[in-house]
Each structure stands twice: as C-alpha cells, then as structure tokens.
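Structure first, commentary second.
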Amino acid sequence: MAHRRIGVIGAGAWGTAFSLYLARKGYEVLLWVFEEELCGHMRRNRENAFYLPGFYLPESVDVTNSLSDVLDFSEEVVCALPSFAVRQTLSPFSGFLSRKRILVLTKGLEAGTFMRMSEVFYDITGKGASVCVLSGPSFAKEVAEGRFTAAVIASRERELSEHFQRLIHSDRFRVYTCGDVPGVELGGALKNVMAIGAGIIEGLGLGMNTLAAYVSRCLSETKRLGRAMGALDSTFMGLSGVGDLVLTCFGPLSRNRAFGMELAKGRSVKEILSARHVFEGYYTLECAFLLAKRFQVDMPIVKELYLIVYEGKDVGSSVKEIERRAFKEED
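Using numbering that gives the first Met the number 0, read the sequence shown as starting at 0 and increasing by one per residue.
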C-alpha cells in the first residue's frame, strides 16, 4: 500500500493540498498542471507559488504537463479541475477514463447542461464509468497544514465508495460514505453560491444575527431544490450540506465569501473575476437560478444573488427585497 500510485488532475489550491495529503499517507502522486509556466516552477522550486504558496512538495509528488502521463500512472484518478474545465479538458481522454476509478473533488454544476460533476463524467465516459465524489468542509490550506478534516464520499456503487474510503481515511482526514450522490453534490455546489451572499452581509456590516438567519434560510433553499432533484433532506444536514455551508459562509479562507465582500465594496463582477483564483459560486449561481425556474422551486436568495451578479442590481436594494418578504411558516 505504501507504494500505491494516484494521479491527480488539477493543480489549483485544492488539487495541490490533496496531493500533499496523499503523499503524507505514503502514496506516490503524479499531479497534472495545466499552465506550463507553473509546471516548470513547481518542478524547479517544489512549491505551488501561484495557488498554494508556502508548502513544500515532497519527492513523492511529481508534476507533469502531460495528461496522458497521469492517466497511464495509476488506476485511481482524482479530479480537482474547476467545473467549467472538466468536460473540455477530459473529453479527449474518455477511453482512458472509462477504465479508471475516479474520485471527483470538483464542487459545481456544468453551465448549459446543469449537470452535476458525476453526471458530466458519466456523460464523457459512458454509464459504466466508476465515479465517486468527495465533499465536505475542507479548506485547502488547512488540509495542506495537516489539520483535522472530515468529508463524505458518495457513489452509486457502494464498493467503490468503500474503496476510496479505505484509500483516503486517516486520523487526520476522516471519511464517511453516503449513497445520496445528488444530495452530496448539490450541497457542495450550492454552498459556493450562498457564500457570495454571506460575503455581502459581512461586507455591508449587517451583523452576526443577519448572517446566522441568512445561512439558515440558505439551507432551506438548498433542501427545496435538492428535493426536486431527487436528493434526501437528511444529506443536507451532514458534512456536505450544513457542514460545508457553515465553513464557506463564515470562514475567512472562503474565496466565494471574498467575492461577495468585494461586491459589497462596490467592485464590479468583471474586476473580481480578473483575479487568478476561480470563484465556483459565480458559475454555479446561474445554474441554480435556472434550475429553480425549471423545477418551480422558490429560492429568493438565489434569485437576488443572480440579479446582483448577472444583472447588476444594487446590493442594498436586494437586501431590502429579502427583508420585506411576506411572513410565512418556517420550512
């Protein structure tokens, strides 16, 4: 087991941090890096200075710009790509991927198709592909530091979930299994959307009472859409639901929360997106808004966030719109 090989696709903060964790477990890791400049820098300096500075890459983590090399390297492949890059990057390698055991770390929905990430992989590789998803409250920096983390793995194949559970679990990274794939993925995707609003609340100085109420109502909206899409309410009360939602809405390391804080300061969406980091909540927001329409689900928070981010509505006006909603029974 000590010499097991694992390929990781995507060298952002999360892909790099997860590679470091796997190396600490004793695995050999080959990490695919999209940017040639970054790949060369990581090979020379043993550090991902672009996305996760300050962490040394041990010898057991090698880097490459060749996706074919990663797919030849291991039977287990971890995907840590941004949601918008998964299909474009991996479609040319569908034949290779259909023979692998795939663990998806990506949290998001695909623009246009509204597919969850596991569905994108099944669409790319065929329905027989072996796909798991991992989700839960897990800031990349804290995983890289070796701090305790807990997450949940979901797959339509119980044996596959248990395989990756055994592969990943340790006293520093506790892994649970779950059979509700839609619930696990929707919780991980929608929390990025909701974190934008949490950042707006923080940026406007509206207080902790407001933020706590907001997060509670975000959970209600997530459960409503989840029900319509075949997820179980109970899943949203676990690590991939409320756990990840709380971390992303309150945690200072949350990029999507930072996105909302910048909006509250009056910066334009275009300015914010020009930063090197990926804001998954921005891309998932449009999907969530359109899915709510498709399934006729009441999601007032998602609606107002969509109007702010995609149609330029004034942040203060949206806050007032939410505050003035008619009273109702809590759901």
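For each residue, glycine too, the CB sits at the ideal point set by N, CA and C.
Listed in chain order, the non-local C-beta contacts of F113 below 6 Å within the same chain comprise C286, L290, local neighbours out to five positions each way being set aside. Counted as a single uninterrupted DSSP element, the alpha helix (DSSP H) harbouring E201 occupies residues 180 to 203.
The Cβ neighbour count for P136, taken over all protein chains shown within 10 Å, is at least 16; the residue is labelled buried. Excluding its 5 nearest sequence neighbours in each direction, L89 has C-beta neighbours in its own chain below 7 Å: L96, I123, listed in chain order. Here the alpha carbon of K327 sits roughly 24 Å from the alpha carbon of A230. Rounded to whole angstroms, the separation of the alpha carbons of G259 and G280 is 10 Å.
L133 is the residue among V69, G315, N44, L133 whose C-alpha sits nearest the C-alpha of G186. Within the same chain, Cβ atoms closer than 7 Å to the Cβ of E74 are found at K99, R100, the five residues on either side in sequence being excluded. By the criterion of a C-beta distance shorter than 7 Å, T234 is surrounded in its chain by C177, D179, G182, V183, G186, G240, once the five residues flanking it on both sides are discounted. When DSSP states are grouped into helix, strand and coil, Y309 belongs to the helix group.
For the pair of segments examined, the segment 141 to 152 was found to touch the segment 168 to 176: the number of CB pairs separated by less than 8 Å reaches three. Assigned with DSSP and collapsed to three states, T88 falls in helix.
Note that the C-beta distance between L66 and I8 is below 9 Å. Between G198 and N255, the C-beta gap is smaller than 9 Å, which places the two residues in contact. According to the DSSP assignment, L51 belongs to the beta strand (DSSP E) that extends over 51 to 55.
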